[in-house]
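Take 1 as the starting number for the sequence shown in UniProt numbering and just add one per residue.
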Amino acid sequence: MATTPLTGVLLINLGTPDSPEVPDVRKYLREFLMDGRVIDMPAPQRFMLVNGVIAPFRAPKSSKVYKELWDERGSPLLYYSQDQQKLLQEKLGKDYHVALGMRYQNPSIESALEELRKKDVDKIIVISLYPQYASASTGTSTQKVMDIVSKWEVIPSISFINRFADDPGFIKTIAAIGRSYMEKEKFDHYVFSYHGIPERQILKASNGGYCQLSDKCCSTYNKKNRYCYRAQCYETTRLVAKELGLREDQYTVAFQSRLQARIKDPWIKPYTDEVIAEMPKKGIKRVLAFSPAFVADCLETTVEVGREFKEIFEEAGGEHWQLAESLNTHPIWIDTLKDMVLRS
Numbered sequence: 001m002a003t004t005p006l007t008g009v010l011l012i013n014l015g016t017p018d019s020p021e022v023p024d025v026r027k028y029l030r031e032f033l034m035d036g037r038v039i040d041m042p043a044p045q046r047f048m049l050v051n052g053v054i055a056p057f058r059a060p061k062s063s064k065v066y067k068e069l070w071d072e073r074g075s076p077l078l079y080y081s082q083d084q085q086k087l088l089q090e091k092l093g094k095d096y097h098v099a100l101g102m103r104y105q106n107p108s109i110e111s112a113l114e115e116l117r118k119k120d121v122d123k124i125i126v127i128s129l130y131p132q133y134a135s136a137s138t139g140t141s142t143q144k145v146m147d148i149v150s151k152w153e154v155i156p157s158i159s160f161i162n163r164f165a166d167d168p169g170f171i172k173t174i175a176a177i178g179r180s181y182m183e184k185e186k187f188d189h190y191v192f193s194y195h196g197i198p199e200r201q202i203l204k205a206s207n208g209g210y211c212q213l214s215d216k217c218c219s220t221y222n223k224k225n226r227y228c229y230r231a232q233c234y235e236t237t238r239l240v241a242k243e244l245g246l247r248e249d250q251y252t253v254a255f256q257s258r259l260q261a262r263i264k265d266p267w268i269k270p271y272t273d274e275v276i277a278e279m280p281k282k283g284i285k286r287v288l289a290f291s292p293a294f295v296a297d298c299l300e301t302t303v304e305v306g307r308e309f310k311e312i313f314e315e316a317g318g319e320h321w322q323l324a325e326s327l328n329t330h331p332i333w334i335d336t337l338k339d340m341v342l343r344s
């Protein structure tokens, strides 16, 4: 009697240090920042910058922040990703096997793929858990999968879900989380803060030089700019705003987490920290902030947006800064992941 073919599903997220201690943080930073798609400069220059400047000086500072982030379950990025894996497995049932791999550190993409290989899966569906495609996130994860699988004797059918910035379920989940706060209190304004990347990476990905790195260029989402990270961020924002019934003057899009102090090339603008410092002067006192570049809470959401930006806003005269948590294990999001798999 023939058995039903088993489909493998590989969820990929960025990764996290094995612990918040300085050696583990330094190890994580070195692996992450030595990736040629993350810091896209010649290898010798990248090596000197990462190992001579960033890792030695940033690791102790980052360690302190990770210790604030760590809780009884460990790193939120890791355990929320594990929860998503478990819940998606329950939704999909016995005809699927869901594995989790982190691009940097553990569990590795290699170990997750080996898990699927040993299950003798008929095909693999890879979901990079970055809503908006960028070479430094989705691109490097996809490349890693292909590098590993290319060495297998038997290579199954593989498909990639490499962006879902405008997926209806993704949008509805963000809106549902935001609405839960809006029903309890009033806000003057809404900030959508995305992880930043260097402008040069946007231009390198531009199809035929189409990119203008301007709000005019990103005001529409189309075939030409569908892989432009900035354009995807604006499209996500427009769709969430529409779902929440927000006018254009009620929300702002900005970008965070830039390495401007160490890398002189400009990063995509506007910068979140600069934008929110000016808001109280314009009468904006109460803000609900979203981080739609992430599907699980992590250092960039909980600490940077939730705490550091709150301090900047309040020091500038703001009264209330509220972070809307990431998708984490929201039921709509888990259903959305299931739908992605079934459509593939």
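The beta carbon of each residue, even a glycine, is placed where N, CA and C say it ideally should be.
| task | May I have the straight-line CA-CA distance separating valine 305 from glutamate 153, to the nearest angstrom? | result | 45 Å
| Per-residue burial, threonine 110 [other beta carbons within 10 Å of its own, 16 or more giving buried] | A small fix is needed here, since residue 110 is glutamate in this sequence, not threonine. By the neighbour-count rule (16 or more Cβ atoms within 10 Å), glutamate 110 is not buried but exposed.
| field | Per DSSP, cross-strand counterpart(s) of valine 9 | value | Val98, Ile125
| said: Give me the residue from Gly178, Tyr234, Ala136, Tyr251 with the minimum Cα distance to arginine 200. | reply: Ala136
| query | Quick one: is aspartate 122 near chain E, going by C-beta distance under 8 Å? | reply | Chain labels in this structure do not include chain E; a single protein chain is all it has.
| request: Specify the secondary structure class of phenylalanine 294 as computed by DSSP and reduced to three states. | output: coil
| Exposed unless 16 or more other CB atoms sit within 10 angstroms - verdict on methionine 146 | exposed
| query | Can you tell which of Ile124, Phe160, Lys151 has its C-alpha closest to the C-alpha of serine 141? | reply | Phe160
| alpha helix (DSSP H) segment containing threonine 4, residue limits | First-last for threonine 4: undefined, no H or E at that position.
| said: Tell me the rounded alpha-carbon separation between glutamate 31 and glycine 74. | reply: 20 Å
| request: Output yes or no for whether 8 Å exceeds the beta carbon distance between asparagine 328 and tyrosine 130. | output: no
| Between Trp70, Glu21, Tyr104, which lies nearest to valine 303 when the distance is taken from Cα to Cα? | Trp70
| request: Counting only the same chain and skipping the five closest in sequence on each side, list residues whose C-beta sits under 7 Å from that of arginine 286. | output: Lys186, Phe187, Asp188, Glu319, His320
| How should aspartate 215 be labelled, buried or exposed, when 16 other C-beta atoms within 10 angstroms of its C-beta is the threshold for buried? | exposed
| field | Best match in Lys172, Asn222, Glu274, Ile202 for proximity to threonine 336 [C-alpha to C-alpha] | value | Lys172
| query | Can you find at least 3 beta carbon pairs, one from the region 115-132 and one from the region 232-245, that sit closer than 8 Å? | reply | yes
| message | Just to check my reading of the structure: isoleucine 158 and isoleucine 124 have Cβ atoms closer than 8 Å, yes? What is that Cβ distance to the nearest angstrom? | response | 5 Å
| task | Count the other CB atoms, across all protein chains shown, that sit within 10 Å of the CB of glutamine 256; report buried if there are 16 or more and exposed otherwise. | result | buried
| said: Check for me: the alpha helix (DSSP H) holding tryptophan 321 runs from which residue to which? | reply: No alpha helix (DSSP H) holds tryptophan 321; the beta strand (DSSP E) holding it covers 320-323.
| request: Give the C-beta separation of leucine 246 and leucine 100 to the nearest angstrom, bearing in mind that I take them to be a contact with Cβ-Cβ under 8 Å. | output: No, leucine 246 and leucine 100 are not in contact; Cβ-Cβ is about 34 Å, not under 8 Å.
| field | proline 198 versus Arg258, Cys218, Gly169, residue with shortest Cα-Cα distance | value | Arg258
| request: Would you tell me roughly how many angstroms separate the C-alpha atoms of proline 56 and proline 292, rounded to the nearest one? | output: 30 Å
| task | Just mark lysine 338 as buried or exposed, buried being the case when its beta carbon has 16 or more other beta carbons within 10 Å. | result | buried
| From what residue to what residue does the beta strand (DSSP E) around phenylalanine 192 run? | 189-195
| request: For serine 226, name the three-state secondary structure that DSSP assigns. | output: For clarity, residue 226 is arginine in the given sequence; the question names serine instead. Arginine 226: coil per DSSP, three-state reduction.
| CA-to-CA distance, alanine 289 to threonine 252, given in whole angstroms | 10 Å
| task | Count the other CB atoms, across all protein chains shown, that sit within 10 Å of the CB of asparagine 225; report buried if there are 16 or more and exposed otherwise. | result | buried
| said: Taking 8 Å as the cut-off, does the region 6-20 touch the region 164-181 (at least 3 CB pairs, one atom from each stretch)? | reply: no
| message | Just to confirm before moving on: does the CB-CB distance between isoleucine 334 and leucine 87 stay below 8 Å? | response | yes
| said: Using CA atoms only, rank isn't needed, just tell me which of Asp122, Ser326, Phe192, Ser219 is closest to tyrosine 271. | reply: Phe192
| message | For a test of the three-state rule: what should DSSP assign to proline 56, helix, strand or coil? | response | helix
| Nearest-angstrom beta carbon gap, asparagine 162 and threonine 138 [assumed within contact, 8 Å] | 5 Å
| said: Using a Cβ-Cβ cutoff of less than 7 Å, which residues in the same chain neighbour aspartate 83 once the five nearest sequence positions on both sides are dropped? | reply: Thr329
| request: Kindly indicate the opening and closing residues of the beta strand (DSSP E) around serine 157. | output: 157-161
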